[in-house]
Amino acid sequence: MKFRAVMNNSSPIREFSTIVSTISKLSKECVLRIADDMLYFIVSDENTGPAPPVLWCEIPQSVFFSEYQLVGMDETHQDIYLGLNSGNLARSFVSLKNVKSLKMKLTKKQCPCLTLEIEVPSTTSHQTRQIVHDIPVAVVPWKNWPDFYEPRVPDPDISIELPSLKQLRTTIDRMRTMASEVMVRASAGGQLILQIRADMAKVSTRFKDLNVAHFDGPVDNSDPETDSQGNEDSSEIVQCRVDAKKLALFLNVDHISTNTTLCSIVHKRLVTLCLQTDDNVKLQCFISGIVY
Amino acid sequence: MRISESKIPVIAESILKQIEARVKNTNSNQLSDEDLLALHSIFGVTLQRSLEILEKHPKFIIYTNPKGRTLIEVQGDNGRCYRVFPKINFCPCLAFKNLVIERKTESAVFCALPEGLKLTVEEGKCVQASAYIPADNFTEYHVRDDVDVIFKISLAVLAECLNIFGSGEEASLKMYYKCEGSPLLLVLQPQSFRNVMTDCEIWSQTPDSMLELRSPEETDVAKLVVRAGALLAVLGDVERSADVLELRLQPEPPHFTIVTYGMQDRSCIEVPECSDTLQSFSCERELTLKYQLHHLRLCMKALAISNKVVLRCSSTGLLLLQLKLERDDNKHMFSEFYIVPLLDD
């Protein structure tokens, strides 16, 4: 089992560090899967243990690393799965301002470690300083790998492009103080509606003119729970009730400079937020629906 | 502002009288379970707590001085003796502090008058604060003048709804209210993004009666006009641990003195009449009034956005702070704080 990778340019290093710090905000523990062409950060729900992941982040290695060597566990198991504390990893990147290079490797010290060797240019001379971080990791035995496979989700009924995440987050944060659950609705006409029902109020925020990437209608909305929106055909509205706190947490990803963020909804079952950057980094959050 | 009087005091009084009559007739000196249930349905938790006090400390001392003022002394759990005045809703005990004073004001009375909007909150029956938004601040403003538009609303929810796009975002707001029992409707639209809109429906409730802290025949004995920034700075400078603030006003110099008493210190700030902090000063006679500093601190946030404050002391010692927020476009908003004075020990 061997892993060694080098990043030489400061801009991919900075982007990598933003991704890691975002993940550390979402969860204390994460699993880093190292595969031949991709790096994956996988987060499972802390309460339910190793269940289908709630966060799935894939980073194509060729964009970030100038050198990349991987020897897997054995012939049939060519990947490496490492369980680590995401905070430890994020903190190791804090010292990075103008870094010359970053070397990442798997080492065996007192325990298995992911070692980061960072080379920083000195401001006074031509020599460089070297910083070494050893992050203890737990190697996940291959028997447990299926816990961290990409979750198989049903085909979404609708995929709609989200408005600015920052704007969405302020709204969700305000709603969160009033109610614990948010109804997320998306219509084929390009509307996204966030709705809460609190003890003292009913609030709904609607975003108009959004791009609908995909719509698989019509949807069966015949039960009485659905509010009729009057002018809009209810068979064109896909909705799902989710935990407001989880949604707000996942909207924290707004630090990553994104290309597009898609929100896919499986009617009454699942909301998936999928964020894609210019460098083809893909971050997906799965928020399961609440059904009464 | 007229609020329909709550019927509860009348019902409470009549039930108490009925029970009194029944107890006298039966000579048993015992309250029946039915009596207790009837009392509990009116007073709730308060009844339980007061019965608890009666059981633990059956000794009550009631003083009546020649002027007819009454004072009740109750022995507390910690051996301390608490003096309570009937009809004045204040007790120096910790329970009162925790349960009444420090409880956050949850709802505000929302009142739409033809002249403008008024929102009123009360804290611990000792402070009453109102915010006025005159009608000319609104682009459009219609109120029916044949009905009282008044209702109670959760202030926290209202604030969250108004900030739904974040506090830094300028948004346009439309407010609607149909009739008694219908919700207050808000429609918000931010100015920088045109494709977003928020509708809020906030349930309204029938308002409770508000405190009438100042009777109409009361007159001012002192009136000061102060720069809001200066008063804010003074309140900010005052020692954090201090809990009592004393205002001394006198016709001769030093005209205006602020004294605070803390655990170990006493500080004194004198403001002469000629200083530019005091824009106007009038005082009929020498006055020394004490207030809870905590109550005065409540108006600091409003002071921070205001330009001018008028302080008025009435003959009963009630302090009224009138704050004026001047906007660029010559339209003003106002806020008012009534603060009940502390009585001398």
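In the order they appear, the protein sequences are chains A and B. 1 is the number of the first residue of the first sequence in UniProt numbering; add one for each residue after it. 1 is the number of the first residue of the second sequence in UniProt numbering; add one for each residue after it. We put the beta carbon where it would ideally sit given N, CA and C, even for glycine. This one's a predicted model, so the numbers in the text were calculated from it and none came from an experiment.
In the DSSP annotation of this structure, the continuous segment of the beta strand (DSSP E) that includes residue 239(A) starts and ends at 237–243. With 16 or more other Cβ atoms inside 10 Å of its own Cβ, residue 198(B) counts as buried. Within 10 angstroms of the beta-carbon of residue 170(A) lie 16 or more other beta-carbons, which makes it buried. The alpha helix (DSSP H) runs lying completely inside the stretch 64–114 of chain A and spanning 4 residues or more are 86–92, given in chain order. In this structure the stretch 274–291 of chain B does not touch the stretch 206–214 of chain B; the number of beta carbon pairs closer than 8 angstroms is below three. Shown here, residue 339(B) sits in a strand according to DSSP, grouped into three states. Those residues of the stretch 76–96 of chain B placed with their C-beta closer than 9 angstroms to a C-beta in chain A do not exist.
The CB of residue 209(A) comes closer than 8 angstroms to the CB of 195 in chain B, given here in chain order. By the beta-carbon neighbour count (other beta carbons within 10 angstroms, threshold 16), residue 292(A) is exposed.
Counting along the chain, residue 23(A) sits inside the alpha helix (DSSP H) bounded by residues 10–26. With 16 or more other Cβ atoms inside 10 Å of its own Cβ, residue 207(B) counts as buried. Annotation for residue 94(B): no residue places its beta carbon closer than 8 angstroms to its own, counting only its chain and skipping 5 residues before and after. In the three-state reduction of the DSSP assignment, residue 96(B) falls in the helix class, which pools H, G and I.
For the stretch 263–301 of chain B, the continuous alpha helix (DSSP H) assignments of 4+ residues that do not extend past its boundaries occur at 293–297, in sequence order. In this structure, DSSP gives residue 53(B) a helical state, which the three-state scheme calls helix.
At least one C-beta of chain B is nearer than 7 angstroms to the C-beta of residue 205(A). As the crow flies, the alpha-carbon of residue 187(B) is around 45 angstroms from that of residue 13(A).
According to the DSSP assignment, residue 39(B) belongs to the alpha helix (DSSP H) that extends over 33–43.
Sixteen is the threshold: when 16 or more other Cβ atoms of the shown chains lie within 10 Å of the Cβ of residue 203(A), as they do, the residue is buried. For residue 116(B), the enclosing beta strand (DSSP E) starts and ends at 116–123.
When DSSP states are grouped into helix, strand and coil, residue 176(A) belongs to the helix group.
Per DSSP, residue 189(B) is one residue of the beta strand (DSSP E) stretching across 184–190. Using a Cβ-Cβ cut-off of 9 angstroms, residue 202(A) is close to 183, 199, 200, 201, 202 and 203 of chain B, given in chain order. As computed with DSSP, residue 110(B) is found in a beta bridge with 119(B) and 151(B).
If you ignore the 5 residues before and after residue 293(B), its C-beta comes within less than 7 angstroms of the C-beta of 238, 242, 243, 244, 245 and 260, all in its own chain and listed in chain order. For residue 170(B), the secondary structure class from DSSP, reduced to helix, strand or coil, is coil. Per DSSP, residue 314(B) lies in no alpha helix (DSSP H) segment; the continuous beta strand (DSSP E) that holds it begins and ends at 308–314. Remark: C-beta atoms of residue 112(A) and residue 264(A) do not approach each other more closely than 7 angstroms. Under the three-state reduction of DSSP output, residue 164(B) falls in the coil class, being neither helix nor strand. Against chain B, the beta carbon of residue 174(A) has neighbours under 7 angstroms at 160, 163 and 164, listed in chain order.
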